[in-house]
Amino acid sequence: MRIAVFHELPPGGARNAVYALSRELIKLGHLIDFYYTGSQKEDDLPFKHIYFYNFSAKAWSGGDWKTRLYKDSLELIKLKKLHRKIALDINSKHYDAVLVNGSEYTEAPYVLRYLNLFSIFYCHDPNYRIIYEPILAVEGFSIKALYEKLNRFFRRMIDKKNFSSASEIYVNSQFASKVVKKTYGTESRVVYLGVDTKFFKPSKDVNKTIDVLFIGSKHPIDGYEFFKSATKKIKYKLRVKTVLNEDQWLTTNDIKDLYLKSRIVICFAVNEPFGLVALEAMSCGVVVIAVNEGGYKETIINGKTGILIKRNSSILANKISYLLRRPTTIRNISAAAREHVVLNWDWELKSKAFSNEIENSLKTLK
274 MRIAVFHELP PGGARNAVYA LSRELIKLGH LIDFYYTGSQ KEDDLPFKHI
324 YFYNFSAKAW SGGDWKTRLY KDSLELIKLK KLHRKIALDI NSKHYDAVLV
374 NGSEYTEAPY VLRYLNLFSI FYCHDPNYRI IYEPILAVEG FSIKALYEKL
424 NRFFRRMIDK KNFSSASEIY VNSQFASKVV KKTYGTESRV VYLGVDTKFF
474 KPSKDVNKTI DVLFIGSKHP IDGYEFFKSA TKKIKYKLRV KTVLNEDQWL
524 TTNDIKDLYL KSRIVICFAV NEPFGLVALE AMSCGVVVIA VNEGGYKETI
574 INGKTGILIK RNSSILANKI SYLLRRPTTI RNISAAAREH VVLNWDWELK
624 SKAFSNEIEN SLKTLK
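Counting in my numbering, the sequence shown runs from 274 upward without gaps.
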């Protein structure tokens, strides 16, 4: 198949997954043309045909209302015009399918509105969290709060129109499929992502210098406060490593090295649709303690390949202490986690399933 792949994702797990999936589809014999926007071109992208479209969003970290107003109005208009141009370029090449990934500005990207080819929107996150997630709701009736509520109302309209323009919706978990149905009233296909098990693999040459690793942010949606509260409840000295997105950006190699140095990785994000961190850590043979919700329930077999618990800091503290006092239990779970990911979540396996789903989707058109 000839497939156009589009993304407008920020650096992180979803973007890395798009690159990995595209590489695997090429290995399967598909012809992939890669389209993306950004403030500058990326070096060394492993694709033959790459189409870059410059878009420099203004930086805003609060306080400057003029910049905020610009970002919520004129910037979105400029983005919409750019996406119309991208869609026209894609349409002119008559691909079999267009695999559209998310936008860091609108979630479901504008480009979906203007494609007249078969389009698949791969929904990495089942909704635009800042405008849908109850935990992020705006309270009060101040001018600032009213502006934010009005802005989110219009952004919901943009997101839903873009979303509904896709020919098919793919999601990364059963949990995500249910959220999509609730949020958009739309059915979706569950097509799981994978992990590069040849890259994320255990190493006997690395010492375990970290007892507990947390990767995320201080944002409530990542569960940081629960993690911090749990570590304070543990009375003995704990070797904790906290990697916060707002403080530093790590390469994939850096993240792998941290996994290998860790005994336990904590995954406590609220309603995480899939959870690549958990799978990558498990692939490295690291014990994952995750909250028993969202996509974690689909990737972790509780008590065998990892631990699933309630969202409770005392339970988390007790489970960390329990495991660190039982090295044999850690070894057994680590080995089972690695085997589980290799057999069920390797990219080679998941990319074939993804390819088959696209072919099945195209057959329904005939």
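The beta carbon of each residue, even a glycine, is placed where N, CA and C say it ideally should be. Treat the numbers as computed from the prediction; the structure is a model and nothing was measured.
Assign residue i to buried or exposed, taking buried as 16 or more other Cβ atoms, counted over all protein chains shown, within 10 Å of its Cβ.
i	result
tyrosine 595	exposed
alanine 626	exposed
glutamate 315	exposed
proline 546	buried
serine 415	exposed
proline 382	buried
aspartate 644	The chain is shown only over 274 to 639; residue 644 falls outside these bounds and no answer can be derived.
asparagine 544	buried
glycine 335	exposed
alanine 418	exposed
arginine 428	buried
phenylalanine 426	exposed
leucine 533	buried
Express the C-alpha separation of residue j and residue i in angstroms, rounding to a whole number.
i	j	result
threonine 515	serine 502	13 Å
tyrosine 308	isoleucine 363	9 Å
glutamate 460	phenylalanine 325	32 Å
aspartate 345	asparagine 424	7 Å
isoleucine 442	tyrosine 368	18 Å
threonine 578	serine 446	18 Å
phenylalanine 279	valine 373	5 Å
lysine 433	leucine 349	15 Å
isoleucine 588	phenylalanine 499	10 Å
aspartate 478	lysine 321	36 Å
proline 319	isoleucine 276	15 Å
proline 283	isoleucine 562	26 Å
asparagine 565	asparagine 591	16 Å
lysine 510	serine 450	42 Å
isoleucine 631	glutamine 521	37 Å
isoleucine 507	tyrosine 569	25 Å
leucine 298	tyrosine 395	15 Å
isoleucine 431	cysteine 540	31 Å
tyrosine 343	tyrosine 420	13 Å
methionine 274	isoleucine 305	8 Å
threonine 637	serine 628	15 Å
Within the same chain, show all residues whose beta-carbon is closer than 7 Å to that of residue i, passing over the 5 residues directly before and after it, in chain order.
i	result
asparagine 289	Thr525
lysine 713	No answer is possible for residue 713: the residues shown for the chain start at 274 and end at 639.
valine 468	Leu552, Glu553, Ser556, Val614, Trp618, Asp619 and Trp620
alanine 293	Asp469 and Trp620
lysine 623	Tyr465, Leu466 and Gly467
arginine 341	Trp333
lysine 376	It is worth fixing the name first, because residue 376 is serine in this sequence and not lysine. Excluding sequence neighbours, serine 376 sits near Glu281 and Pro382.
Just reading off the beta strand (DSSP E) that residue i is part of, what are its end residues?
i	result
aspartate 306	304-311
arginine 536	535-540
tyrosine 595	Unbroken run through tyrosine 595 is the alpha helix (DSSP H), 586-597; no beta strand (DSSP E).
Based on the DSSP secondary-structure assignment, which residues constitute the bridge partners of residue i?
i	result
alanine 277	Asp306 and Val371
histidine 613	For histidine 613, which the question treats as bridged, DSSP gives no partner whatsoever.
arginine 462	Tyr443
isoleucine 580	Ile562
valine 513	Val485
glutamate 632	Paired residue(s): none; glutamate 632 is not in a bridge.
Starting from the C-beta of residue i, find all residues in its chain whose C-beta is less than 6 Å away, skip the five residues before and the five after it, and write them out in chain order.
i	result
arginine 512	Ile483 and Asp484
alanine 360	Val384, Tyr387 and Leu388
glycine 664	Only positions 274 to 639 of the chain appear in the structure, and residue 664 is not among them; the question remains open.
serine 438	Leu385 and Arg386
phenylalanine 391	Ala370 and Ser440
serine 634	Glu441
isoleucine 488	Val516 and Val550
Where do the N-terminal and C-terminal ends of the alpha helix (DSSP H) with residue i fall, by residue?
i	result
histidine 356	347-364
valine 291	286-300
leucine 385	384-387
isoleucine 393	Run containing isoleucine 393: none in the alpha helix (DSSP H); it sits in the beta strand (DSSP E), 392-396.
isoleucine 323	First-last for isoleucine 323: 322-327, but that is the beta strand (DSSP E), not the alpha helix (DSSP H).
Quick one: what's got a C-beta closer than 8 Å to residue i's C-beta in the same chain, skipping five residues either side?
i	result
arginine 536	Lys481, Ile483, Asp484, Val485, Val559, Val560, Leu596, Leu597 and Ile603
Using 8 Å as the cut-off, classify the Cβ of residue i as near or not near the heavy atoms of the ligand ADP, replying yes or no.
i	result
serine 376	As for the ligand ADP, it is missing from this structure, which has no ligand bound.
Please confirm whether residue i has its beta-carbon closer than 9 Å to some beta-carbon of chain B.
i	result
glutamate 519	Looking at the structure shown, chain B is missing, and only one protein chain is on hand.
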